[in-house]
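Just so you know, the sequences run in chain order F and V.
Reading the first sequence from the start, the letters are residues 20 to 173 in this note's numbering.
Reading the second sequence from the start, the letters are residues -9 to 152 in this note's numbering.
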Amino acid sequence: MANKKIIYRCFGGAHSSVVAAAIHLEQLRTDSLPSDAELMRLTLFDRQTQDGHGLMHFLGFDERGMQVYCLGCRNAGETVERVLLQVAEVLGVREELFFVDTLHCVTFKMRIGGYLSRRWQLIRIGRPFVLDGTRKAFPALVKLVEKVKKEVLT
Amino acid sequence: MNYLYLGFADLYLPAVAAALHLQQLDAAAVPAAAKLASLPYFRRAARDEDGKLFLAGSDSAGHKVFLLSVKTQPEVVARAVESLLGLYRLPLHEAKVVSCLPGNPQQAMWGRMLSKFGLNGLEKELACRMARNCFKDLVRTVTDARLTRQPGFGLFDSSARI
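Here is the structure:
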């Protein structure tokens, strides 16, 4: 169990996967919506660059000692996951990887804001959209992480 | 050590590269179209084969040779594999991704379009022409890939030269 690696993946590895990982690592309270400052305190939140896409970023150990990562795959999430699982099988570590797609939790505001902030570097315009959109997506992300924790335990 | 020859939307160029690696093709001369067409995996990747690894065989040193194709973001896939190796502190040559992408990505697009219209023969012909045109580049790519520093040795693997 301690060797297990939970990898939250999304498009850019800057918003939904980072927040999901933070929820998993209990860096964010789940009984209330996070403030702008709380979200901006998260490592990589709205900071990931295109060069970082495809790189797994280690964010910490959870309460059971499992490693938590985030990963930006652009529009090739399923393909990247498939390739990595097969390579892991060749290397004999297939059972240690657990991928979680967070894209379905992403709201329209997050998409627009993320595109403006990360793709076009229009941070002043995009970031408020991202922050607001993330708060809207927060309950769905909390549910997803709860489901992941249950699945990993069984 | 594992070699992963990565193609874009089809398996044509990775199949040729894998055949070169496995010494099923003579690197000194550009092969005939018929010879290329008879190679295993020299074909378009099916919809459900996106990102699927195919084992082409093992080379003389016992290293496994795989091929795969992805429909989008090949550079992200290559980076992700390197990142996975980093997670386990494995050297990069443990799973070496070798890009076999066409110089012009539109070539892959034309092939896809021909296949969509049912012109499979024409598509195969285009693929053979593309593979023959970039055969020398593929030879260089495979040679470079095989010249990777071997673990535990201070020298390059000169026996791997084709």
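Beta carbons: idealized from backbone N, C-alpha and C, even for Gly.
query = Which residue's Cα is closest to the Cα of residue 40(V): -1(V), 10(V), 65(V), 16(V)?
reply = For the purposes of this step, residue 40(V) is taken as the residue at position 50 of the second sequence. Ranking -1(V), 10(V), 65(V), 16(V) by Cα distance to residue 40(V) puts -1(V) first.
message = Considering only their Cβ atoms, is the gap separating residue 131(V) from residue 95(F) smaller than 8 Å?
response = Within the first sequence, numbered from 1, the residue matching residue 95(F) stands at position 76. Within the second sequence, numbered from 1, the residue matching residue 131(V) stands at position 141. The answer is no: Cβ separation not under 8 Å.
ask   = Going by C-alpha distance, which of 140(F), 60(F), 31(F), 151(F) is nearest residue 41(F)?
value = For the purposes of this step, residue 41(F) is taken as residue 22 along the first sequence, with counting starting at 1. Comparing Cα-Cα distances from residue 41(F) to each of 140(F), 60(F), 31(F), 151(F), the minimum goes to 60(F).
ask   = For residue 29(F), which residues of its own chain have a beta-carbon under 6 Å away from its beta-carbon, when the five flanking residues on both sides are left out?
value = Taking the first sequence and counting its residues from 1, one reaches residue 29(F) at position 10. Taken in chain order, the residues that qualify are 35, 36, 121, 122.
query = Unbroken beta strand (DSSP E) runs of length 3 or more, entirely within the stretch 80 to 140 of chain V: which are they?
reply = 85 to 89
ask   = Mind pulling the beta strand (DSSP E) runs of 3 or more residues that sit fully within the stretch 3 to 77 of chain V?
value = 44 to 48, 54 to 60
request  = Determine the DSSP secondary structure at residue 86(F), reduced to helix, strand or coil.
outcome  = Counted from its first residue, the first sequence places residue 86(F) at position 67. Reduced to three states, the DSSP call for residue 86(F) is strand.
ask   = Could you give the distance in angstroms between the alpha-carbon of residue 99(F) and the alpha-carbon of residue 109(F)?
value = Numbered from 1 along the first sequence, position 80 holds the residue referred to as residue 99(F). Numbered from 1 along the first sequence, position 90 holds the residue referred to as residue 109(F). One Cα belongs to residue 99(F), the other to residue 109(F), and the distance between them is close to 15 Å.
key: Within chain V, partners of residue 33(F) - CB distance below 8 Å   = Taking the first sequence and counting its residues from 1, one reaches residue 33(F) at position 14. Going along chain V, no residue has its Cβ under 8 Å from residue 33(F), so there is no contact; the nearest lies around 14 Å.
task = Determine the extent of the alpha helix (DSSP H) in which residue 169(F) is found, giving its start and end residues.
result = To locate residue 169(F), count along the first sequence from 1; it is residue 150. Residues 142 to 172.
ask   = Are the C-beta of residue 148(V) and some C-beta of chain F separated by less than 8 Å?
value = Your numbering for residue 148(V) matches position 158 in the second sequence. Note on residue 148(V): pLDDT 37, under 50, position unreliable in the model; no value is reported.
request  = Note down, in chain order, each residue of its chain lying with its Cβ closer than 6 Å to the Cβ of residue 119(V), except the 5 sequence neighbours on either side.
outcome  = Position 129 of the second sequence, counted from the first residue, corresponds to residue 119(V). Take residue 119(V), set aside five residues on each side of it, and no residue of its chain has a beta-carbon closer than 6 Å to its own.
ask   = Considering only C-alpha positions, which residue in the set 44(F), 143(F), 161(F) is nearest to residue 82(F)?
value = Residue numbering aside, residue 82(F) sits at position 63 when the first sequence is read from its first letter. Of 44(F), 143(F), 161(F), the residue nearest in Cα terms is 44(F).
message = Less than 8 Å between the C-beta atoms of residue 92(F) and residue 76(F), yes or no?
response = Locating residue 92(F) in the first sequence gives position 73, where the first residue counts as 1. Locating residue 76(F) in the first sequence gives position 57, where the first residue counts as 1. No; because the gap between Cβ atoms is not below 8 Å, this pair is not in contact.
inquiry  = Between which residues of its own chain and residue 86(V) is the CB-CB distance below 8 Å, once the five residues before and five after are set aside?
reply    = For this step, residue 86(V) is matched to residue 96 along the second sequence. The beta carbon of residue 86(V) sits closer than 8 Å to those of -9, -8, -7, -6, 135, 138, all from its chain and outside the five residues before and after it, given in chain order.
request  = Write down the C-beta distance between residue 87(F) and residue 78(F) rounded to the nearest angstrom, noting that I regard them as a contact closer than 8 Å.
outcome  = As a position in the first sequence, residue 87(F) is number 68, starting the count at 1. As a position in the first sequence, residue 78(F) is number 59, starting the count at 1. The pair is a contact, with the Cβ atoms about 5 Å apart (cut-off 8 Å).
inquiry  = Can you confirm whether the stretch 27 to 40 of chain V touches the stretch 109 to 125 of chain V when touching is taken to mean that 3 or more C-beta pairs between the two stretches lie within less than 8 Å?
reply    = yes
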